[in-house]
Amino acid sequence: MDALVAGVTEKLEALEAALYGLKQVNGKFTTEDGLVTAEVNSDGALVDLRLDEGITALPPAEAAQLILSACRQATETAGEARSNIIATLNESLTGGTAHPPGELAPGPDSARR
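In this text, residue positions in the sequence shown follow this note's numbering: the first is 632, and each later residue adds one.
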């Protein structure tokens with residue numbers, strides 16, 4: 632019984648750590664020229680956008696493209712961080728058992744006979 636309780640406690644702690652980690656995720660990206668810095672939160676929502684004064688020298692379409700690119704990169708960074716947290720959680724919950732790509736782990740309704 633103690634081993635069962637310990638196992639459940641470990642899984643609960645892993646879940647709590649994942650939830651905390653997901654709340655802390657953000658993605659930030661600055662363009663190479665330093666003209667645009669975009670930051671998104673864990674949901675991928677833009678929370679900060681900084682434009683260097685030099686961006687005013689660009690044609691509007693080019694400036695827009697630079698801004699969108701920075702936002703896209705920041706969102707990808709946040710997505711990678713979320714994926715890493717979920718992968719760590721999955722390893723904790725499955726005991727580190729890896730399943731071949733395309734093969735799903737047994738779900739709660741699966742029965743081994």
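All residues carry an ideal CB built from backbone N, CA and C; glycine is no exception.
query, result
"Going by CA-CA distance only, name the one from Gln-655, Asp-633, Ala-634, Thr-668 that's closest to Cys-702.", "Thr-668"
"Lys-659: which of Pro-690, Leu-724, Met-632, Arg-681 sits nearest, CA to CA?", "Arg-681"
"Quick one: grab the DSSP three-state call for Gly-685.", "helix"
"To the nearest angstrom, report how far apart Gly-710 and Ala-637 are at their CA atoms.", "32 Å"
"When you compare each of Glu-684, Val-639, Ser-700, Ala-676 to Thr-661 by their alpha carbons, which one comes out closest?", "Ser-700"
"Among Met-632, Val-639, Ala-695, which has the Cα closest to the Cα of Thr-725?", "Val-639"
"Could you tell me the alpha carbon to alpha carbon distance between Leu-697 and Asp-664, rounded to whole angstroms?", "10 Å"
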